[in-house]
Each structure stands twice: as C-alpha cells, then as structure tokens.
Amino acid sequence: MSDHSNIPRTKPRASATFDDYTLSEIRRAAATGIYDIRGAGAKRKVPHFDDLLFLGASMSRYPLEGYREKCSTEVVLGTRFAKKPIELKIPITIAGMSFGSLSANAKEALGRGASAMGTSTTTGDGGMTNEERGHSIQLVYQYLPSRYGMNPDDLKRADAIEVVVGQGAKPGGGGMLLGQKITERVAAMRTLPVGIDQRSACRHPDWTGPDDLEIKIEELREITDWEKPIYVKVGAARPYYDTALAVKSGADVVVVDGMQGGTAATQEIFIEHVGIPTLAAVRQAVKALQDLGMHRKVQLIVSGGIRNGADVAKALALGADAVAIGTAALVALGDNDPHYQAEYEALGTTAGAYDDWHEGRDPAGITTQDPALMARLDPVAAGRRLANYLAVLTLECQTIARACGKSHVHNLEPEDLVALTIEAAAMAQVPLAGTDWVPGRNGSF
Amino acid sequence: MTAPTADATFFDLAAAPLRELNSALHKLSADTNETYWKVANPAGRHAVAAGLDVPVTVEIDGPVGYYCGGMNKQARIIVNGNAGVGVAENMMSGLVHVKGDASQAAGATAHGGLLIIDGNASARCGISMKGIDIVVKGSVGHMSAFMAQAGTLTVLGDAGDALGDSLYEAKLFVRGSVAGLGADCIEKEMREEHKALLAAKLEAAGILGEVDIGEFRRYGSARTLYHFHVDNVSSY
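As structure tokens, then:
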C-alpha cells in the first residue's frame with residue numbers, strides 16, 4: 001500500500017452557489033416546512049447609489065463655498081392640484097411604517113425627530129395614532145389595501161394622503177404580522193381579534209386598476225375638499241409605466257420604492273427576488289414624468305436603501321424631488337444597536353442583522369408591542385438621534401451640491417454624475433467614469 | 446329612522462358641479478336647518494355626497510357612479526336609482542339606501558352604519574367590511590365578504606361563488622342558494638341569538654316580517670386560517 005499521508009490535501013472549498021446562508025435556509029425549510037418571514041428590505045448586494053460618483057467642480061464648473069454660500073434644501077410637494085401643498089425644509093421624509101409593526105414610542109420618536117428638522121412622517125397599516133399626530137407637525141396618512149383603521153376624521157387630520165399601491169420590498173405582495181404582536185390596542189385599531197395573524201391585503205378591495213384609481217383619488221379629494229396632496233406609492237417593478245399611470249390617475253406626488261425598501265414582515269424570498277433596485281427605478285420614473293411634461297409638476301419621492309447624504313444627493317441629481325427613509329430612520333432611533341448584542345445573540349442573531357421584526361421581541365423596543373421592551377426606547381432621546389441623523393444627511397447633501405456649484409439641492413443633475421460600473425451607467429443613464437459612453441444612449445431604453 | 450320634515454334644499458347637478466354640492470354638504474353644521482337635500486341629475490357622477498359628517502338626509506334622484514356616500518358619517522343617503530362601484534365605501538355610520546342595483550364592492554371596508562340595496566349587488570359586496578351592516582334584498586355576486594372582518598351581510602336572494610373567502614368575524618346570512626363557499630368559510634348553526642341578530646338587521650332595513658327568518662342560513666369563519674401553519678397550505 002502506498003502512503004498518502006504526505007500528499008497535500010485540498011483546502012475545503014465552500015460553494016458560491018450553496019453558501020452558508022443558503023445551506024442554513026435549506027436546513028431551516030426542511031425542518032419547518034414554512035418559508036422564512038422577516039422584516040427589513042433586500043440584503044443581497046444590488047447596483048446602488050454607491051456605484052455612482054459626483055463630478056465636483058474644477059475648471060468647467062464653478063463650486064460654491066462650503067461653509068459660507070447658501071445651498072437651499074426646501075421642497076414643496078403637491079403643487080399640481082392640492083390647495084395646501086406640503087412644504088418641507090429638507091428633501092428627506094420618513095417613510096410609512098405602521099403602529100403595530102412599530103411601538104407607540106417609536107412612532108412618537110419618528111414624529112419628534114422629523115418635526116425638529118421640518119419634515120414629515122407617514123402612517124402605515126394600522127391607522128393613525130394620537131401619539132403620531134401629536135408629534136408630527138406634518139403627517140402623511142397612508143390609504144392602504146387593508147384599510148385598517150381608515151376613517152374620514154383621520155383623513156381630515158392629515159396633511160397629505162398617500163395611496164399605497166405597493167412597497168419596494170414586496171411589489172404585488174401583502175404582509176403577515178404574526179399574532180404575538182397583536183395587542184388589544186393594535187387589534188382594536190384593525191377591527192380584528194387579539195392575537196391572530198394579521199394579513200395585509202396585496203390589492204385594494206374596491207378598485208382594480210388605474211382607471212378606478214383615478215376615481216378613487218377623486219373621491220379622496222372630494223372628501224377632503226381638494227386641500228391635501230395625494231401621493232401614490234408604488235413598489236419599483238415597472239416604474240416607467242407605473243409612474244405614468246399614477247400621473248394619469250391624478251397623483252400630486254409619486255413615490256417609487258426600490259427593492260431595498262423595508263417592510264414589517266413578508267417572505268424572505270419575496271424581499272430578495274421581487275422588484276428592482278432603487279437605482280434602476282429612479283431614472284425610469286423621471287423619464288416617465290419628463291415624457292409627460294410633468295417633471296417637477298408632479299413631484300417624485302424615491303425610497304429604498306437611502307443611507308447617507310450622498311444617496312440623497314444622487315437621487316436628487318437623477319431627478320427626484322425628495323427621498324424617504326425607513327430602515328435608516330429605525331437605525332437612527334436605535335434599531336440593531338450593539339448595546340443589545342447579548343440579547344440579539346439570545347435571539348439567534350446579532351446586532352446589525354436582526355430582522356425578525358414580526359415576532360415582537362425587539363430588544364431595542366422599536367418593532368415590538370411588549371410594554372417592557374417598548375419602555376426601553378426613550379422617545380425624546382430617540383427623536384433627537386433621528387433629528388441629528390437627518391441633519392447630517394442634509395449637510396452631506398448640501399456639501400456635495402455646493403461642490404457641484406449648486407445653490408439649491410434640486411439643481412443637481414445627471415450631468416454631475418458618472419458611473420463606476422457598466423450596470424450602474426446603464427441604469428442611471430450617466431456615462432461610465434472616464435468615458436462619454438452611456439449604455440443604451442441612442443439605442444433602446 | 447325618521448322621515449325628513451324640513452323643506453328640501455334642491456341641488457341640480459346638471460346646473461352646478463359636484464364640487465359645489467359636496468362642499469356645501471361638508472360645510473353644514475351639526476345643528477343645520479338644511480336637513481333634507483334633494484339632488485337631481487346625478488347622471489352617474491362619482492363621489493356624490495362623499496365624506497358627509499352631519500345628520501342630514503340626501504336624496505339623489507337618478508343613478509350615481511363610484512363611491513356614492515363614501516366614508517359617510519351620520520347622514521342618510523338615498524339613491525333613487527342604481528349605484529356604481531364602492532357605494533358607501535368605508536362608511537362609518539348613518540345610512541345609505543340604494544333603491545336600485547349596486548355594482549361591485551358595495552360597502553367595501555366600511556366600519557359602521559347600514560347599507561340597504563333593494564336590488565342586486567354585484568361581485569365583492571362587503572369586501573373587507575369592518576363593522577357595517579349590509580342588507581341586500583336581491584342577490585350578491587362572487588367573492589362577497591372576502592376578508593370580511595366584522596359586521597353583518599344579509600342577503601335575501603342568492604350568493605355567488607367563494608362567499609366569505611378568508612373571512613374573519615363578520616356574520617353572513619343568506620336566504621337563497623350559495624354557489625360556493627370561499628376558504629375558511631363554513632355554514633354555522635343558526636341559534637336563537639343569531640335569529641335575533643338577523644331580525645334586528647331586517648327591522649333596521651324596514652323589512653322585518655316580510656321574510657321568514659327560518660329560511661336563512663348562517664355562514665362564518667372556521668378560524669382555521671387565523672394562524673399561519675403549513676398544514677393549511679392547501680387553503681392559501
């Protein structure tokens with residue numbers, strides 16, 4: 001027999017296809033027979049704003065002085081039909097997140113932080129709470145397929161109405177909030193028994209398409225005497241056509257939510273495999289508005305994975321009027337804070353990766369209805385953190401805008417951008433860095 | 446219900462826009478003397494008398510389009526004609542009475558009040574209803590009471606396919622045939638308390654005694670889908 005002991009062994013090689021996460025999910029699925037449900041948005045790496053770079057001014061452009069010259073940030077939403085458009089001091093809003101999914105303290109903190117910076121928050125499935133209305137100087141009331149808690153009094157108390165057709169995390173899908181988060185208060189607001197799973201419908205029950213939506217919007221305007229801006233929110237899937245149809249339906253504002261946008265609870269496979277990246281959606285939505293002659297007349301809010309002032313500036317440069325943040329706002333409040341690392345580990349995860357928001361056991365007290373956990377979140381301190389974060393996003397966006405020679409962040413334009421990758425260049429319709437090549441230009445789009 | 450006694454305030458939608466009508470109705474105070482409105486020539490306009498919040502009567506002579514009486518509170522709205530999609534959508538309280546037929550999604554997502562339809566209602570009647578009482582003297586179409594959460598749907602005629610699909614706690618009473626039941630919807634025993642509940646709804650609709658309560662059958666949720674479980678996957 002030959003001696004093989006001296007033959008070098010091949011180093012164990014993990015499969016790129018069957019990576020550790022995939023293997024663990026197969027084992028979990030085999031053990032339970034149920035697909036994984038979680039919160040948050042897509043975690044896989046997709047082309048994003050990081051794949052774009054700004055061209056700061058040199059010879060051909062003239063920059064503004066960073067700490068002296070003014071760079072305005074205000075944005076007006078709802079100038080098309082509404083008697084009372086929304087005037088925000090910064091082009092960053094808080095995306096819709098429901099009471100029920102979030103604790104009352106978290107909703108209060110969102111209101112405090114946003115109001116301190118002169119921007120709006122948005123309700124969600126479950127309706128409007130007094131805490132939120134009381135702390136949000138400007139509040140957008142979502143009109144959702146489930147119509148949980150929907151009533152005309154709250155419509156009239158709102159500053160704008162957002163008709164939610166879809167979310168970036170799950171275009172075409174509904175939600176599933178497990179029964180353990182359904183306290184008496186949450187259940188009462190949704191007219192459902194305590195403790196049962198809450199299915200959020202995937203489609204509006206009383207209209208079936210854009211022609212109906214136009215009539216629905218007319219009804220909402222009639223009920224509120226044409227005062228409030230009507231937003232239409234779509235999950236990014238076919239943003240060119242969805243934006244065009246939202247405009248046709250009478251929207252004052254279109255909200256396009258990319259696949260990195262968060263959700264309270266839905267299937268992991270849905271979050272990761274349905275919809276398109278935010279970067280891919282912006283330009284198509286803007287093109288629809290431009291083709292209709294409605295760019296800047298119908299405002300565009302972009303959301304889904306906005307993290308810093310560069311993301312904000314890039315979305316605006318591509319043609320958005322404002323951005324909305326959800327997951328980042330929760331992190332600013334204290335979501336996934338390393339302070340609770342031991343407790344995250346006890347839940348089988350780690351600070352930074354916790355996403356079982358539907359289970360109601362959030363150590364940070366944000367995505368829970370457990371009174372003891374909720375009490376951990378000080379809404380005043382958390383609101384201050386959010387205000388600080390919004391201030392940083394704004395300052396960062398202004399810094400970039402000044403470097404590009406802009407006295408208002410809305411003056412940023414695609415001309416200020418180049419792409420690091422061919423994919424990003426094609427999606428954003430800006431040149432590949434160092435070239436004048438825009439994939440698809442003069443060809444199909 | 447009391448019959449209107451005040452002189453009517455007339456509004457002709459052929460002569461003035463809907464916006465003026467709804468605006469005038471929204472401006473009424475709770476103690477208004479204009480408690481009885483007659484609306485002529487609706488001609489299928491949408492959102493007629495939507496968003497009212499005063500105890501007045503609005504009688505509409507002719508057919509209305511979508512969302513007549515949408516989100517109504519307190520008001521009595523009578524349609525002397527047919528109603529389009531979503532009549533009494535998300536109503537909170539009060540009454541909407543359609544003297545003719547109603548299209549799809551009648552009473553959808555409504556939280557309270559009473560919707561009476563003298564004729565037939567089309568598909569998806571009472572879809573996602575959240576506390577409204579609906580009485581249909583004719584028949585209802587398919588997928589009626591889909592995801593209905595609370596309230597009652599009383600049908601003197603027949604019901605179409607998939608009645609009560611994914612039902613929560615709403616109570617359904619049907620006198621005629623049911624083409625088919627949706628997921629998690631089952632026929633349930635008609636006990637005395639249910640007969641009393643049905644009688645109350647018929648009385649509210651002004652037809653108690655006109656039909657035999659014994660002819661109705663009750664349908665409700667089997668509650669097997671209240672918690673997601675893989676064993677129920679064939680129901681989804």
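Taken in order, these protein sequences are the chains called A and B.
Counted from 1, the first sequence has number 243 at position 243 by the working numbering; the numbering is strictly sequential.
Here the working numbering runs 445 ahead of the position in the second sequence, where the first position is 1.
Even glycine gets a Cβ: it sits at the ideal position worked out from N, Cα and C.
Cβ pair A:Val-75, A:Leu-88 closer than 8 Å = As a position in the first sequence, residue 75 of chain A is number 75, starting the count at 1. As a position in the first sequence, residue 88 of chain A is number 88, starting the count at 1. In contact: A:Val-75 and A:Leu-88 (Cβ atoms closer than 8 Å).
Going by Cα to Cα distance, which pick from A:Cys-404, A:Thr-129 and A:Gly-100 is closest to A:Ala-317?
-> Counting from one through the first sequence, the residue named residue 317 of chain A turns up at place 317. Ranking the options by Cα distance to A:Ala-317, first place goes to A:Cys-404.
Three-state secondary structure assigned by DSSP to B:Leu-670 | As a position in the second sequence, residue 670 of chain B is number 225, starting the count at 1. If DSSP states are grouped into helix, strand and coil, B:Leu-670 belongs with coil.
Compute the Euclidean distance between the alpha carbons of A:Ser-60 and A:Glu-415, then round it to the nearest angstrom.
-> In the first sequence, the residue the question calls residue 60 of chain A occupies position 60. In the first sequence, the residue the question calls residue 415 of chain A occupies position 415. C-alpha separation (whole angstroms): 12 Å.
Where do the N-terminal and C-terminal ends of the alpha helix (DSSP H) with B:Glu-479 fall, by residue?
-> Translated into the one-based positions of the second sequence, residue 479 of chain B becomes position 34. Where B:Glu-479 is concerned, there is no enclosing alpha helix (DSSP H), given that its DSSP letter is neither H nor E.
Buried versus exposed call for A:Pro-152 [16 or more other C-beta atoms within 10 Å across all chains shown] = As a position in the first sequence, residue 152 of chain A is number 152, starting the count at 1. By the neighbour-count rule (16 or more Cβ atoms within 10 Å), A:Pro-152 is buried.
Does the beta-carbon distance from A:Lys-314 to A:Leu-52 come in below 8 Å?
-> Counting from one through the first sequence, the residue named residue 314 of chain A turns up at place 314. Counting from one through the first sequence, the residue named residue 52 of chain A turns up at place 52. Yes.
Grouping DSSP H, G and I as helix and E and B as strand, with all else coil, what is A:Ala-109?
-> In the first sequence, residue 109 of chain A corresponds to position 109, counting from 1. If DSSP states are grouped into helix, strand and coil, A:Ala-109 belongs with the helices.
Find out if the Cβ-Cβ distance for the pair B:Ala-553, B:Ser-538 is shorter than 8 Å.
-> Translated into positions along the second sequence, residue 553 of chain B becomes position 108. Translated into positions along the second sequence, residue 538 of chain B becomes position 93. In this structure, B:Ser-538 does not lie closer than 8 Å to B:Ala-553 by Cβ.
Short Cβ contact (8 Å threshold) for A:Leu-77 with A:Pro-229 = Locating residue 77 of chain A in the first sequence gives position 77, where the first residue counts as 1. Locating residue 229 of chain A in the first sequence gives position 229, where the first residue counts as 1. Against a cut-off of 8 Å, the Cβ pair of A:Pro-229 and A:Leu-77 comes out as a contact.
Alpha carbon to alpha carbon, how far is A:Gly-168 from A:Asp-257?
-> Translated into positions along the first sequence, residue 168 of chain A becomes position 168. Translated into positions along the first sequence, residue 257 of chain A becomes position 257. About 4 Å.
Tell me the DSSP bridge mates of A:Arg-68?
-> Within the first sequence, residue 68 of chain A is the residue found at index 68, counting from 1. The partner list for A:Arg-68 (beta bridge, DSSP) is empty, contrary to what the question assumes.
Hey, could you find the ends of the beta strand (DSSP E) A:Ser-200 is sitting in?
-> Taking the first sequence and counting its residues from 1, the one referred to as residue 200 of chain A is at position 200. Per DSSP, A:Ser-200 belongs to the beta strand (DSSP E) from 198 to 200.
Within its chain, find whatever has a CB closer than 6 Å to the CB of B:Ala-547; leave out the 5 residues flanking it on each side and keep chain order.
-> The residue labelled residue 547 of chain B in the question sits at position 102 within the second sequence. Contacts found: Ala-528, Val-532, Ile-562 and Ala-566.
Within 10 angstroms of its Cβ, does B:Trp-482 collect 16 or more other Cβ (buried), or is it exposed?
-> Taking the first residue of the second sequence as position 1, residue 482 of chain B is located at position 37. Under this definition B:Trp-482 is a buried residue.
What separation, rounded to the nearest whole angstrom, lies between the Cα atoms of A:Gly-262 and A:Gly-326?
-> Numbered from its first residue, the first sequence carries residue 262 of chain A at position 262. Numbered from its first residue, the first sequence carries residue 326 of chain A at position 326. Roughly 7 Å separates the two Cα atoms.
Can you tell me which of the three DSSP states A:Gly-39 falls into?
-> Stepping through the first sequence from its first residue, residue 39 of chain A is reached at position 39. In this structure, A:Gly-39 counts as coil in the three-state DSSP scheme.
State the Cα-Cα distance for the pair B:Tyr-512 and B:Leu-470, rounded to the nearest angstrom.
-> Here residue 512 of chain B is taken as the residue at index 67 of the second sequence, counted from 1. Here residue 470 of chain B is taken as the residue at index 25 of the second sequence, counted from 1. One C-alpha to the other measures close to 16 Å.
Could you name the residues of the segment 153 to 184 of chain A whose beta carbon sits closer than 7 Å to any beta carbon of chain B, in the order they occur along the chain?
-> Met-176 and Gly-179
Could you give the distance in angstroms between the alpha-carbon of A:Ala-246 and the alpha-carbon of A:Pro-210?
-> As a working note, residue 246 of chain A is residue 246 in the first sequence. As a working note, residue 210 of chain A is residue 210 in the first sequence. Their Cα atoms are separated by approximately 7 Å.
Whole-angstrom Cβ separation of B:Val-580 and B:Ala-604, contact assumed at under 8 Å?
-> Sequence index remark: in the second sequence, residue 580 of chain B carries index 135 (1-based). Sequence index remark: in the second sequence, residue 604 of chain B carries index 159 (1-based). With 8 Å as the limit, B:Val-580 and B:Ala-604 do not qualify as a contact, their Cβ atoms being about 13 Å apart.
B:Gln-594 touches chain A at which residues, Cβ-Cβ below 7 Å?
-> The count along the second sequence starts at 1 and reaches residue 594 of chain B at position 149. The contacting residues are Thr-191 and Leu-192.
Does the beta carbon of B:Tyr-511 come closer than 8 Å to any beta carbon on chain A?
-> What you label residue 511 of chain B is simply residue 66 of the second sequence in a count that begins at 1. With 8 Å as the cut-off, B:Tyr-511 counts as an interface residue toward chain A.
Step through the CB atoms of chain B and report whether any lies within less than 8 Å of the CB of A:Ala-30.
-> Here residue 30 of chain A is taken as the residue at index 30 of the first sequence, counted from 1. So, not an interface residue.
So, is the C-beta of B:Ile-562 closer than 8 Å to a C-beta in chain A?
-> Working through the second sequence from its first residue, we reach residue 562 of chain B at position 117. By this cut-off, B:Ile-562 is not an interface position.
Please list, in chain order, all residues of the same chain as B:Glu-479 whose beta carbon is under 8 Å from its beta carbon, the five residues on each side excluded.
-> To locate residue 479 of chain B, count along the second sequence from 1; it is residue 34. The answer, listed in chain order, is Ala-451, Thr-454, Leu-473 and Val-501.
So, do the segment 491 to 511 of chain B and the segment 215 to 223 of chain A have three or more beta carbon pairs nearer to each other than 8 Å?
-> yes
DSSP state of A:Ser-303, grouped into three classes?
-> Looking up residue 303 of chain A in the first sequence gives position 303. Strand at A:Ser-303.
Cβ neighbours of A:Arg-13 in the same chain (closer than 7 Å, five flanking residues each side left out) = As a first step, residue 13 of chain A must be located in the first sequence, where it is residue number 13. None.
Run of the beta strand (DSSP E) containing A:Ser-120, from where it starts to where it stops = Within the first sequence, residue 120 of chain A is the residue found at index 120, counting from 1. 120 to 122 is the extent of the beta strand (DSSP E) around A:Ser-120.
Check whether A:Leu-300 and A:Gly-275 have beta carbons under 8 Å apart = Mapped onto the first sequence, residue 300 of chain A falls at position 300. Mapped onto the first sequence, residue 275 of chain A falls at position 275. Their beta carbons are not under 8 Å apart, which means A:Leu-300 does not touch A:Gly-275 by this criterion.
Output the distance between the C-alpha atoms of A:Phe-445 and A:Leu-289, rounded to the nearest integer angstrom.
-> Mapped onto the first sequence, residue 445 of chain A falls at position 445. Mapped onto the first sequence, residue 289 of chain A falls at position 289. With a pLDDT of 45 at A:Phe-445, under the threshold of 50, the modelled position of that residue is not reliable, and the figure given next carries that caveat. Cα to Cα, A:Phe-445 sits roughly 15 Å from A:Leu-289.
What are the boundary residues of the alpha helix (DSSP H) that includes B:His-412?
-> Because chain B spans 446 through 681 in this model, residue 412 of chain B falls outside it and cannot be assessed.
Exposure of A:Ala-310, with buried meaning 16 or more beta-carbon neighbours within 10 Å | Sequence index remark: in the first sequence, residue 310 of chain A carries index 310 (1-based). A:Ala-310 is buried by the Cβ-count criterion.
CB-CB under 6 Å to B:Glu-534, same chain, minus the five flanking residues each way: which ones, in chain order?
-> The residue given as residue 534 of chain B occupies position 89 in the second sequence. Contacts found: Tyr-512, Gly-515 and Ala-553.
Quick one: residues in its chain with C-beta nearer than 6 Å to the C-beta of A:Met-189, no 5 flanking neighbours on either side, listed in chain order?
-> Here residue 189 of chain A is taken as the residue at index 189 of the first sequence, counted from 1. The residues are Gly-126, Gly-127 and Gly-149.
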